[in-house]
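A.B. asks: Following the working numbering, the numbering of the sequence shown begins with 185 at its first residue and continues without gaps.
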Amino acid sequence: MIFHNPKGAPELACEQCGCRWFDRMHDTCYECGTAVAPEAIAEFDAAVRAFAARAEAAAPGGSAPAPEGPAA
Numbered sequence: 185m186i187f188h189n190p191k192g193a194p195e196l197a198c199e200q201c202g203c204r205w206f207d208r209m210h211d212t213c214y215e216c217g218t219a220v221a222p223e224a225i226a227e228f229d230a231a232v233r234a235f236a237a238r239a240e241a242a243a244p245g246g247s248a249p250a251p252e253g254p255a256a
């Protein structure tokens, strides 16, 4: 299950209990132990890519800001 936080970024939640805390080593929910389906992970990855594309398009000049720090 995917929902969006107040800033609009997607967050993955457990299909069984709605928990947002996952054991990323085992792809299971910490609350109920349900395995995260590969389809849910793929859907979440697509939602993250779409969010990043919208954020990049909304940035001044239509692209993401340059990283800060000393030039190499």
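Ideal placement from N, C-alpha and C gives every residue a C-beta, glycine not left out.
Everything numeric in this text was worked out from a predicted model, so none of it was measured.
Between the Cα of Thr218 and those of Pro194, Ala230, Lys191, Glu199, spot the shortest distance and give me the residue it belongs to.
C.D. replies: With distances taken between Cα atoms, Thr218 lies closest to Glu199.
A.B. asks: Going by other Cβ atoms of all chains shown within 10 Å of its Cβ, with 16 needed for buried, is Cys203 buried or exposed?
C.D. replies: It is exposed - the Cβ of Cys203 has fewer than 16 other Cβ atoms within 10 Å.
A.B. asks: Whole angstroms are fine: how far does the CA of Ala236 sit from the CA of Ala242?
C.D. replies: Cα to Cα, Ala242 sits roughly 10 Å from Ala236.
A.B. asks: Just the Cα atoms here: how many angstroms apart are Ala221 and Glu215?
C.D. replies: When rounded, the distance between both Cα atoms is 16 Å.
A.B. asks: Suppose you measure from the CA of Ala197 to the CA of Arg238; what does that come to, to the nearest Å?
C.D. replies: Distance between the alpha carbons of Ala197 and Arg238: 22 Å.
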